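Chains as they are written, first to last, in this note's numbering: chain A, 1 to 517; chain B, 1001 to 1318. Virtual Cβ for every residue (Gly too), placed ideally from N, Cα, C. Keep in mind it's a predicted model, so treat the numbers as computed, not measured. Only one structure is covered here, and it is reproduced in the block below.
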């Protein structure tokens, strides 16, 4: 990717050991450290800390990399190191090796305080300055806010207040935030304003971990590196697109966050609309962040909602039922959920992309909790052949051709087409052809968080949505969520099934059916 | 695994198909054929390493054991798929006259229209590209450090016979060193005045590293000896001071650079499976390796000025 080379050149200019031809040399981040807010959260322990270890184990972190934990706990540096150690042992992808740990171990620091604590932030500033001296981090630090968004203004204000947000000449300060990026357009804009008041847009990294997945990046490779798909990638051949993210779990311990947010805001706004943008966008002029973002924004801006939202959307709550052999409670019976909650746990929406390429091709997006199984996939379903030179009986079992990107689990690509059933009669039936990344193959492919954290440290932005994309997504979703708010209660579906009757009817009205993913 | 005694390529290929049918025709997604040319005693170990590499790069692995050329011609094979690894495997033992025509056994078994990699885990031909088996491959991987005889010269021999597509695992072993050196020079922009590489007395990797540094930095590179293991230290001298990476235990290194604190960095010597994995990630010729071996061949025998000229012409070729 040539833009990447161009981007790095300001740093590596004149380094005789660098050569664009030398593709064995990995991209190692320059000297830097990370400050992690919210060290005790699930995400920090299960994803962020293991990813840092895995990066070090692959030799991609700079020597001297330092990790500062910030939390209210009364911990010493060693206690924090122990927490990281435990999380790495339990969750890291690569095998635990003593020498890798030794590389990291001297760089752990812990600062105790809450988010309004001036003294603590002053200590944080001193800690960072100290790391620059003893670990050679050279003033380069990323602030990872693994905390609820309501604390963002406090933390970001403190970072500014204590001069932590403004880098010295030749160094950088970056901020990393996780979803949710607001809960509607207004709050998203407020949040963006808060962050951008202190950090310039190019220093803000919004993590949508879906974009770090190999299979999602492969959508771009598949579309733009091949010749055989592009000619049929339009409304002449594509009948419709189904994007599904199904979870088999309930809301677990996320009641406090989830209730009032719901399936559409939690998942459709970010993951599913991003997947849709990658499937629908035009070819970017290059793969740098700017060009990619332009194309995604164009697609998102050309999304038009159907006129009758009652007919083109569906939402529901799961009720008590049996899921995978276990009896599970309904949504309103979950702990800490009010029994009259109207929050949806299943959402399906139909979107139209009004461009020459996609006019008349509906995109159906659905997400739900406590569905049949855990699966995320994008299915491009093609039109039927305009003429079948067979008798009706011989093609009875033939449906539509499809190309399916299996994002997780069992990563790969499936194509479905008709084939003759062996025998003396001409009988045609659907068959599947699979490309699997292979169970073992994916074992060695990095976790999304590894890729994304490395990109933050390298300052490489293509995989991070910018505030325009976030705001465009809310513009799409807001009218739907508002409509739902004004129109009664969600439907229901039994836990462990594939969603409510209303979603089935929604497609049936268009003469289509959901795939069973 | 199915044993086929006194068999042919056709029978081996048929057994692949049968084995696949037996396990319900799973999607194999094989992306290359990996030919492993090994001695009788190393064959099992080499197949194990190749199998572990096929976790990342699903492949048809053809182990070829070249036996005694005397006696009656016989082809024996052990064929199998699955059991925890992706792809297909056959270990083929040749004895008698067919040993001289091993390529005739392997050719019909290559996967259609996909890359062929030939790997010699131990003894390798002096000129892999014109070896009958080697010429089947687009990529040829040797390992000078495990050459059974004349180890001191093995690396130079491979350099002299370099052809596009060849690499030696001695080169793969220094990727970590090279990455670390390159990134420490990112932070140390001054010109490097001289350099030194300290390693075991016989170390193909250290020779290549010296050649690479000499080629890229255009300065004098001194090669020093130590007790090892492997490479123990690399020093780049700039006018601001020395950038040094030293590793005495083959595991954890220390990076020192002027004006900066010393920092530990993990730099473990990697196992064969990891090395092979890295090699299989790139199936096109390695241009940087090409320039380095050129420099190694020219090095020491010619004056510095001629070295530059040689380098420039090699850059044009690639």
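- Look at residue 51 of chain A: its C-beta is not under 8 Å from any C-beta on chain B.
- When the beta-carbon positions are compared, residue 1032 of chain B and residue 1114 of chain B come within less than 8 Å of each other.
- Put simply, the backbone Cα of residue 1107 of chain B is about 15 Å away from that of residue 1016 of chain B.
- Of all residues in the region 1264-1277 of chain B, those with a C-beta nearer than 7 Å to a C-beta of chain A are 1264, 1265, 1266, 1268, reading in chain order.
- Using a Cβ-Cβ cut-off of 8 Å, residue 1287 of chain B counts as an interface residue toward chain A, since at least one Cβ of chain A sits closer than that to its own.
- Contact note: residue 1261 of chain B reaches chain A through 64, 133, 134, 135, 136, using a C-beta cutoff of 8 Å and chain order.
- Not a single C-beta of chain A is nearer than 8 Å to the C-beta of residue 1033 of chain B.
- Within the region 1171-1200 of chain B, the residues whose Cβ lies closer than 7 Å to any Cβ of chain A are, in chain order, 1175, 1176, 1178, 1179, 1181, 1182, 1183, 1185, 1186, 1187, 1189.
- Taken in chain order, the complete alpha helix (DSSP H) segments of 4 residues or longer contained in the region 40-116 of chain A are 49-57, 77-91, 98-105.
- 14, 15, 16, 17, 18, 19, 21, 22, 23, 24, 25, 26, 28, 30: these are the residues of the region 13-30 of chain A whose beta carbon lies less than 8 Å from some beta carbon of chain B, given in chain order.
- Within the region 1120-1174 of chain B, the runs of alpha helix (DSSP H) that reach at least 4 residues and sit entirely inside it are, in chain order, 1151-1160, 1169-1172.
- When 9 Å is used as the limit between beta carbons, residue 1282 of chain B is near these residues of chain A: 23, 24, in chain order.
- As the crow flies, the alpha-carbon of residue 106 of chain A is around 40 Å from that of residue 376 of chain A.
- Secondary structure at residue 160 of chain A: helix, using DSSP grouped into helix, strand and coil.
- For residue 1208 of chain B, there are no C-beta contacts with chain A under 8 Å, since the nearest C-beta of that chain is about 12 Å from it.
- For the region 482-513 of chain A, the continuous beta strand (DSSP E) assignments of 3+ residues that do not extend past its boundaries occur at 491-494, in sequence order.
- Counting only runs of 3+ residues, the beta strand (DSSP E) found wholly inside the region 1031-1084 of chain B occupies 1032-1038, 1059-1066, 1074-1081, in chain order.
- For the region 425-436 of chain A, the residues whose beta carbon sits under 9 Å from a beta carbon of chain B are, in order, 433, 434, 435, 436.
- Contact annotation for residue 1255 of chain B against chain A: 63 [CB-CB distance below 7 Å, chain order].
- For residue 361 of chain A, the secondary structure class from DSSP, reduced to helix, strand or coil, is coil.
- Nearest C-alpha to residue 111 of chain A among A:401, A:81, A:194, A:329: A:81.
- Interface annotation, residue 56 of chain A: in contact with chain B, CB-CB separation under 8 Å.
- Judged by beta-carbon spacing, residue 179 of chain A lies within the 8 Å limit of residue 270 of chain A, meaning their Cβ atoms are closer than that value.
- With a threshold of 8 Å between beta carbons, residue 97 of chain A makes contact with chain B.
- For residue 251 of chain A, DSSP records no beta bridge to any residue.
- Residue 413 of chain A has A:405, A:435 as its beta-bridge partners, per DSSP.
- The three-state reading of DSSP puts residue 317 of chain A in strand, counting E and B together.
- Three or more beta-carbon pairs drawn from the region 239-250 of chain A and the region 359-374 of chain A are found closer than 8 Å, and the two stretches are therefore classed as touching.
- By the Cβ criterion, the region 1252-1261 of chain B is not in contact with the region 1274-1283 of chain B, since fewer than three pairs of Cβ atoms, one from each stretch, lie closer than 8 Å.
- Straight through space, the alpha carbons of residue 1038 of chain B and residue 1074 of chain B are spaced by roughly 17 Å.
- Contact check between the region 273-293 of chain A and the region 207-224 of chain A: three or more CB pairs, one atom from each, fall below 8 Å, which counts as touching.
- In this structure, residue 334 of chain A and residue 212 of chain A do not form a Cβ contact; the two beta carbons are roughly 30 Å apart against a cut-off of 8 Å.
- For residue 1210 of chain B, the enclosing alpha helix (DSSP H) has its first and last residue at 1204-1217.
- For residue 103 of chain A, the nearest CB of chain B lies under 8 Å from its own CB, placing it at the interface with that chain.
- As computed with DSSP, residue 430 of chain A is found in a beta bridge with A:418.
- Sequence-distant partners of residue 1140 of chain B (beyond 5 residues in either direction) whose C-beta falls short of 7 Å from its own C-beta, in its chain, are 1118, 1128, 1129, 1134, 1165, 1166.
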